[in-house]
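Reading through the structure tokens given below for one structure.
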Amino acid sequence: MSEAEEPAPAPYRGRLRLLPRGGWSAALSTLASLAMAFLALITLATGIAAAQLGADWQAALSGSATVRIAAGAEADADAKVLAILSATPGIAAARPLDRAEQAALLAPWLGEGEALESLPVPRLVDVTLEGGGPDAAALATTLEEAAPGTVYDDHGSWRGPLIEGARAVERLAIGASVLVALAAAGMVALAARASLAGNAEIVRVVRLIGGEERFIARAFVRPLAWRTGLGAAFGAGLAALALTFLPGAGEVVGLDLAPDPLPLALLTLAVAAGAALIGWVSANLAVRAALAELP
Amino acid sequence: MISLSQVNFGYECRETLRDLDAEIAPGSFHFLTGPSGAGKSTLLKLLYLELRPKSGHVELFGEDPDTLRGPARLMLRRRIGIVFQDFRLLDHLNVADNVRLPLMVHGRDPAAHADDVTELLRWVGLLHRAEARPRALSAGEQQRAAIARAVITSPDVILADEPTGNVDAEMGMRILRLFVELNRLGKTVLIATHDLGLIRSARRMATTRILRLADGQLTVGGAEL
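Respectively, the protein sequence lines represent chains A and B. For the first sequence, my numbering gives the first residue as 6, with consecutive numbering after it. For the second sequence, my numbering gives the first residue as 105, with consecutive numbering after it.
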């Protein structure tokens with residue numbers, strides 16, 4: 006065919022890829038982003054669940070107390086204790102547990118049956134607190150004087166470690182999330198440097214034909230941020246599905262990892278958007294730094 | 105348009121260019137010649153701002169690039185079209201997209217210049233290869249694609265480094281005619297070559313001047329070769 010008969014070149018389709026497709030390295034960076042977002046979402050969900058659990062424990066246990074009246078106490082000890090409790094500021098209600106309730110509490114250890122009848126079991130009073138609760142030390146002294154052997158238990162001795170434990174999980178989750186974010190930023194920066202090195206000739210040509218640094222940086226940053234965001238969206242989505250549907254996922258270490266759908270959806274979006282932002286920022290910094298090193 | 109004043113340049117181990125002085129007027133056609141390793145490519149790199157002189161000044165379009173930063177320096181670069189010895193076409197783009205590349209890089213809309221791309225490809229005889237990838241082209245075709253890419257933005261100056269070094273004599277003449285036509289259109293052309301036959305042919309078609317580079321020194325030649 007002679008040149009005169011040749012058709013015009015295919016019309017410009019509005020898109021000219023400055024860089025060749027990434028191939029396996031691009032797929033691997035997407036996969037790494039997916040894995041990191043998966044871990045980040047699980048970690049963040051664990052942290053949020055731990056924080057929520059700690060708050061729940063705090064609210065539930067700080068609103069109640071238990072009074073134990075010794076098994077061998079005098080017959081009028083119950084009445085004395087209840088009178089003191091009802092007169093103490095900070096106590097909303099005091100209710101002695103009946104025998105059936107106590108039997109139910111002890112059943113896991115003593116079993117069903119008549120054991121409760123034959124054993125010296127202390128009597129329990131369930132106390133509901135209000136406001137900041139009573140002065141625990143003063144109340145304990147008063148009760149001990151009125152009915153020797155009586156103990157006021159505001160659950161502080163085991164509430165503290167539980168809440169501390171929940172807070173420790175929360176802090177670990179935050180730390181792990183920060184590490185995952187840093188690892189993601191490092192991974193993207195490395196990928197950006199590798200991409201620049203692999204396409205050094207293109208960078209050189211584009212600079213020589215008058216390409217702005219911003220233009221060149223954009224060509225590298227966009228696909229990296231896109232791949233990071235895409236991988237993160239899939240990773241976070243997979244983690245959200247796992248939390249929602251995997252049997253037992255909601256009971257890991259006793260934490261409720263499957264929060265309501267809306268917060269989980271928002272968390273998923275936040276992780277994906279955060280990963281895309283991390284990808285964009287770290288790629289931008291890495292590419293600009295590398296371009297600045299060029300003559 | 106282009107002036108060199110006491111320009112010195114050397115790589116780590118040796119001084120390549122010493123005290124170069126030259127003036128290249130707008131619309132002129134110059135050949136830069138000299139033996140291999142004389143520093144022709146280095147001098148071109150100084151002109152298209154890939155290298156900076158160790159001392160002395162290169163002036164482009166009345167501006168000293170060393171005093172310019174950012175966009176102003178970039179604007180100088182954009183007034184120069186470069187034809188590399190090894191073409192440097194982007195392998196993942198077809199010929200048409202390689203030609204469109206400077207338009208995109210300069211922030212122009214390639215779609216608005218579709219006719220220019222078509223005309224330019226026709227002019228360099230590559231319209232029928234517009235959709236081909238560079239590695240599918242012969243050396244001569246790649247060189248012509250590189251020329252089309254260099255001139256699509258209508259630069260004031262065209263610098264070409266051994267543009268016929270990888271092609272046979274017939275293709276060399278065809279490429280030379282493209283440069284002569286560009287010069288007739290008012291473009292300043294500077295071709296680095298050690299092919300004296302090419303220079304002789306050019307002198308039959310256009311008024312040319314010769315810059316001879318040897319032992320780091322530049323001399324301006326006349327009619328003799």
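Idealized CB from N, CA, C, for every residue including glycine.
- Contact of proline 266 of chain A with chain B is not assigned, every C-beta pair being separated by 7 Å or more.
- The criterion of a C-beta distance shorter than 7 Å is satisfied by threonine 155 of chain A and leucine 148 of chain A.
- Within chain B, Arg192 have C-beta atoms less than 8 Å from the C-beta of glutamate 206 of chain A, given in sequence order.
- Within chain A, no C-beta atom comes nearer than 7 Å to that of leucine 136 of chain B; the closest sits roughly 18 Å away.
- Among the CB atoms of chain A, one or more fall inside 7 Å of the CB of methionine 208 of chain B.
- Only Arg18, Gly19, Leu21, Arg22, Leu23, Leu24, Pro25, Arg26 from the stretch 18-36 of chain A bring a Cβ to less than 9 Å from some Cβ of chain B.
- The residue among B/Ala296, B/Phe113, B/Ile128 with its C-alpha nearest the C-alpha of glycine 160 of chain B is B/Phe113.
- Contact between the stretch 285-292 of chain B and the stretch 313-323 of chain B is absent, with fewer than three C-beta pairs closer than 8 Å.
- CA-to-CA, the gap between glutamate 298 of chain A and glutamate 218 of chain A works out to about 12 Å.
- With a cut-off of 8 Å on Cβ pairs, the stretch 190-206 of chain B is in contact with the stretch 233-244 of chain B, counting three or more such pairs.
- DSSP places leucine 136 of chain B in the strand class (E or B) of the three-state scheme.
- Secondary structure within the stretch 38-100 of chain A: the alpha helix (DSSP H) runs of 4 or more consecutive residues, fully enclosed, are 82-92 (chain order).
- When C-beta distances to chain B are compared with 8 Å, the residues of the stretch 219-243 of chain A below that value are Phe220, in chain order.
- For valine 111 of chain B, the enclosing beta strand (DSSP E) has its first and last residue at 106-114.
- Assignment of beta strand (DSSP E) within the stretch 281-309 of chain B, counting only whole runs of 3 or more residues, yields 292-296 in chain order.
- Fewer than three Cβ pairs drawn from the stretch 219-231 of chain A and the stretch 41-56 of chain A lie within less than 8 Å of each other, which leaves the two stretches out of contact.
- Here the alpha carbon of lysine 149 of chain B sits roughly 15 Å from the alpha carbon of arginine 122 of chain B.
- In the structure shown, valine 286 of chain A falls within a helical segment according to DSSP collapsed to helix, strand and coil.
- Apart from sequence neighbours up to five positions away, the residues of its chain that approach valine 276 of chain A with a beta-carbon distance below 6 Å are Ala42, Ala45, Leu46, Ala241, ordered along the chain.
- Neighbourhood of leucine 282 of chain B in chain A, by CB distance below 7 Å: empty, with the nearest CB roughly 14 Å away.
- The DSSP-derived three-state label of glutamate 235 of chain B is coil.
- Leucine 213 of chain A belongs to the set of residues whose beta carbon lies under 7 Å from a beta carbon in chain B.
- If you draw a 10 Å sphere on the C-beta of tyrosine 115 of chain B, you find fewer than 16 other C-beta atoms in it, and that means exposed.
- When C-alpha distances from leucine 280 of chain B are compared across B/Thr257, B/Arg253, B/Val261, B/Gln247, the shortest belongs to B/Gln247.
- When secondary structure is reduced to three states using DSSP, isoleucine 262 of chain B falls in the strand class.
- In the DSSP annotation of this structure, the continuous segment of the alpha helix (DSSP H) that includes valine 208 of chain A starts and ends at 205-213.
- Per DSSP, the unbroken alpha helix (DSSP H) holding leucine 111 of chain A starts and ends at 104-115.
- Between alanine 230 of chain A and alanine 288 of chain A the beta-carbon gap is near 6 Å, inside 8 Å, which marks them as a contact.
- With a cutoff of 7 Å on beta-carbon distance, alanine 190 of chain A and alanine 291 of chain A are scored as not near each other.
- Taking the CA atoms as reference points, alanine 249 of chain B sits about 12 Å from glutamine 189 of chain B.
- Taking a C-beta distance under 7 Å as the contact criterion, glycine 141 of chain B and alanine 318 of chain B do not qualify as a contact pair.
- Residues of the stretch 233-255 of chain B with a C-beta less than 7 Å from any C-beta of chain A: Ala234, Glu235, listed in chain order.
- Within chain B, the residues Leu178 have their CB atoms less than 7 Å from the CB of glutamate 217 of chain A, given in chain order.
- Check the Cα spacing between glutamate 175 of chain A and each of A/Ala50, A/Ala40, A/Ser30, A/Leu39: the tightest is with A/Ala50.
- Listed along the chain, the chain A residues whose CB falls inside 9 Å of the CB of glutamate 154 of chain B are Arg209, Arg212, Leu213, Pro300.
- Per the DSSP secondary-structure output, glutamate 167 of chain B pairs in a beta bridge with B/Leu164.
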